[in-house]
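>
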Amino acid sequence: MNEAIRRTWLVMVGMFLVLAVAASVIQVVAAEPLKDHRLNSRQIVLEFGAPRGPILVDGEPIAESVESGDAYNYQRIYQDSRMWAPLTGFYSLVYTTDGLEEAMDDRLAGTSSSQFLDRALQIVTGATPEGDQVELTLDRDLQRLAYDSIPDGTKGSVVVTEPSTGRILAMASKPSFDANALSSHSRTDSVQAMNAYTAVPGLDVRRNRPAEQRVSPGSTFKLVDLVAMLESGDYAPDQTLEVPARWTLPGTPAQMSNFAGGPCNDVGSATLTWIVAHSCNTPFAQAAVELGQDRIRETAERFGFNDSGEIPLPVTESVFPEDLDDAALAQSAIGQRDVQATALQMTMVSMGIANGGVVMEPEMVETVRRPDLTVVSEFAPRERGRAMDADVAEQIARMMEATVQEGTASAARSDVVRIAAKTGTAEKDGSENVNTWVTGFAPVEDPQVAVTVVYEDQNEDSAHSTAVESMQSIMEAVVVE
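Okay, here's the thing in structure tokens:
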């Protein structure tokens, strides 16, 4: 055989072998991942021929499939969608799935491995295949209260949990969107809706703000510092500490100050309880440098920092950074610089204090039931771990209550319930606006609810009082109920 022809023949054989192997990999190894990929609209079209299971709150659907009378057979519809959309997500021909529609897709679609026999029986008997029902832990009235408490035009999050179990009772955010528009069977309408939502400042329809949006937590992070301080044995609630109006950051000419115009600038020295109540910066910065970054980071990680999770929506990890010099550590200790937290993460901090030092894993699915209402799975509280001893938690709770009675959270004082809280304000580089926080729990003597409110990029004065009052109203509603 001519050498040139032989080489050409070998190359061609080699190419056919490569193509054969590639086709085998795609059809055998990668077939399932490709079928289930969130951008595979063809699979979505096939699934539209059967009703998905409903997503329920208090026994009533917030997402369900109804007969559509068109080529797709069923239309997914959402009740009070703007209130629920950041949780439910959407089920779209164009944009596939997101939110709980994605996180619980195999259960809602009836395609999980445990549903195989049920689905096969439905096909054999001629019954319409149905997905499972997913009941959430959320409370409809609390969700409405939380959602309505966020001013329109605000980038804000509210998280409400049960400290003793980790149940999420409300998780609201703005800006929001209408999942019905994205789930339309009209591709043109869906695209137009997505284009409109993409243009809304601060809105990402594929992102749950309370669980995934990280911002500087400001002075709410001092709760983490307090755990490390009290555990060290070097600090106590009634101990008097120096409160300099300004403190030079180690190794730099820069100075840290307390809140402008606040009482921390004139007091000179005060008890740790007073310092917490009035949120003085300089004593916490000094304490963090004395304790060291490893102790502060390890304490933060007990609450969930530097770890991601699922509720079952994805939870972005909140961050306390490594390799800090003392100046950076001082700034991080007051919730500035590179410390980042989600609203859910700071709720977990309050939950741990409220629950005697034990942090429960947050969760929003109460039960999963088959179409015949047989229970497939149900909520069971899970401990994340102990973040502090019970006596340390009790001391911090008393200091947080003092913050409400005489300090920065005084707008939360209530005649109905004893409230413990910690406020926070995080400056934004190059802006006069701030991120305003408050987190806490109630009743102090028997905590039933933990609440975190955060408003991003807002005017400090107006946002602070609104956030604190929002927390108070939610707590009072739970106790009265």
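Position in the sequence shown (from 1) plus 145 gives the number in our numbering. The C-beta atom is built at its ideal place from N, Cα and C for all residues, glycine as well.
Using only CA atoms, which one of Ala432, Asp534 and Val504 lies nearest to methionine 134?
Nothing in the structure corresponds to residue 134, since the chain is present only between 146 and 626.
> Just to confirm the assignment: which complete beta strand (DSSP E) runs, minimum length 3, are found wholly within the stretch 339 to 409?
Taking only runs of at least 3 residues, the beta strand (DSSP E) segments lying wholly in the stretch 339 to 409 are 385 to 388, 391 to 393 and 400 to 402.
> Contact defined as beta carbons within less than 8 Å: I believe glycine 234 pairs with histidine 423. What is the distance between those atoms, to the nearest angstrom?
Their Cβ separation, rounded to whole angstroms, is 42 Å, which puts glycine 234 and histidine 423 out of contact at 8 Å.
> Out of Ala430, Val464 and Met491, which has the shortest C-alpha to C-alpha gap to aspartate 471?
Of the listed residues, the one whose Cα sits closest to aspartate 471 is Ala430.
> Name the one or two DSSP bridge partners that arginine 531 has.
According to DSSP, which records beta bridges pairwise, arginine 531 is partnered with Val503.
> Using a Cβ-Cβ cut-off of 7 Å (strictly less than) and excluding sequence neighbours within five positions of arginine 183, which residues of its own chain qualify?
Residue confidence is low: arginine 183 scores 49 on pLDDT, short of 50, so the model does not pin down where it sits. Its coordinate-derived value is still stated next. Contacts found: Thr241, Thr242 and Glu247.
> For isoleucine 200, which residues does DSSP report across the bridge?
In the DSSP output, where bridge partners are listed per residue, isoleucine 200 has Ala208 and Val279.
> Is the stretch 569 to 580 in contact with the stretch 349 to 367, if contact means three or more CB pairs nearer than 8 Å?
With the cut-off at 8 Å, the stretch 569 to 580 and the stretch 349 to 367 touch.
> Could you check which residue in Trp392, Leu417, Ala622 and Ala612 has the C-alpha nearest to that of valine 303?
Cα-wise, what sits closest to valine 303 is Ala612.
> Which class does asparagine 218 belong to by DSSP, given the choice of helix, strand or coil?
Looking at asparagine 218 - three-state DSSP - the assignment turns out to be coil, as it is neither helix nor strand.
> When we look at the beta-carbon of threonine 584 and count the other beta-carbons within 10 Å, is it buried (16 or more) or exposed?
Classification for threonine 584: buried.
> Any idea what DSSP makes of glutamate 455, helix, strand or coil?
Three-state result, glutamate 455: strand.
> CA-CA distance, serine 610 and threonine 581?
Rounded to whole angstroms, serine 610 to threonine 581 spans 9 Å at the Cα level.
> Considering only C-alpha positions, which residue in the set Ala195, Tyr292 and Glu205 is nearest to glutamate 280?
Selected option, being the one with the closest Cα: Glu205.
> Compute the Euclidean distance between the alpha carbons of proline 526 and glycine 311, then round it to the nearest angstrom.
Spanning the two alpha carbons is a distance of roughly 7 Å.
> Under the rule that 16 or more other beta-carbon atoms within 10 Å means buried, what is valine 116, buried or exposed?
Nothing can be reported for residue 116: it is not among the residues displayed for the chain, which extend from 146 to 626.
> Expressed to the nearest angstrom, what Euclidean distance is found between the alpha-carbon atoms of alanine 478 and glutamate 435?
In a straight line, the C-alpha of alanine 478 is about 11 Å away from that of glutamate 435.
> Use the C-beta contact count for proline 308: other C-beta atoms within 10 angstroms, 16 or more gives buried, fewer gives exposed.
Proline 308 comes out buried.
> With burial defined as no fewer than 16 other Cβ atoms inside 10 Å of the residue's Cβ, what is the status of methionine 141: buried or exposed?
Outside the displayed range of the chain (146 to 626) lies residue 141, so it cannot be described from this structure.
> By alpha-carbon positions, which one of Ala338, Pro355, Ala291 and Ala390 ends up nearest to glutamate 601?
Residue Pro355 is the option with its Cα nearest to glutamate 601.
> Residues bridged to phenylalanine 235 by DSSP?
Answer is none; phenylalanine 235 lacks a bridge partner.
> Where DSSP assigns a beta bridge to isoleucine 313, which residues make up the other side?
DSSP, once it has assigned bridges, lists Thr306 as partnering isoleucine 313.
> Grouping DSSP H, G and I as helix and E and B as strand, with all else coil, what is arginine 183?
Low confidence applies here, because arginine 183 scores a pLDDT of 49, under 50, leaving its location unreliable and the question unanswered by this model.
> I'd like to check one pair, valine 388 with serine 414: are the Cβ atoms closer than 7 Å?
It is a contact, given that the beta carbons lie within the stated cut-off.
> Using beta carbons (cut-off 7 Å, strictly below), is glycine 552 in contact with chain D?
Among the chains of the structure shown, chain D does not appear; only one protein chain is present.
> Whole beta strand (DSSP E) runs in the stretch 517 to 569 with 3 or more residues, listed along the chain?
Entirely contained in the stretch 517 to 569, the beta strand (DSSP E) runs reaching 3 residues are, in chain order, 520 to 523 and 528 to 531.
> Excluding sequence positions up to five away, which residues of its chain have a Cβ less than 7 Å from the Cβ of isoleucine 456?
Correct list, in chain order: Ile313, Ala356, Pro507, Glu508 and Met509.
> Would you tell me roughly how many angstroms separate the C-alpha atoms of glutamate 605 and glycine 407, rounded to the nearest one?
The alpha-carbon atoms of glutamate 605 and glycine 407 are separated by roughly 14 Å.
> Just to confirm the assignment, what range does the alpha helix (DSSP H) spanning glutamine 593 have?
Segment: none, glutamine 593 is in no alpha helix (DSSP H) and carries neither H nor E.
> Could you give the C-beta distance for leucine 386 and isoleucine 541, rounded to a whole number, given that I count them as a contact under 8 Å?
No, leucine 386 and isoleucine 541 are not in contact; Cβ-Cβ is about 16 Å, not under 8 Å.
> Give the DSSP-derived three-state secondary structure of alanine 486 in the structure shown.
Here alanine 486 sits in strand by DSSP.
> Confirm, please, whether the CB-CB distance from valine 504 to phenylalanine 448 is below 7 Å.
Closer than 7 Å, so yes.
> At the level of alpha carbons, what is the spacing between valine 562 and methionine 620?
Straight-line Cα distance between these residues: approximately 8 Å.
> Is it the case that the stretch 482 to 494 contacts the stretch 462 to 470, given that we only count it when at least three CB pairs across the two stretches are under 8 Å?
As far as the Cβ criterion goes, the stretch 462 to 470 touches the stretch 482 to 494, which means the pair count is three or higher.
> Taking its Cβ as the centre, do 16 or more other Cβ atoms sit within 10 Å of threonine 418, making it buried, or is it exposed?
Label assigned to threonine 418: buried.
> Suppose the cutoff is 7 Å on Cβ atoms and the five residues either side in sequence are ignored; what does the same chain contact list for phenylalanine 622 look like?
Reading off the sequence shown, one finds alanine at residue 622, where the question assumed phenylalanine. Same-chain partners within the cutoff: Leu287 and Leu290.
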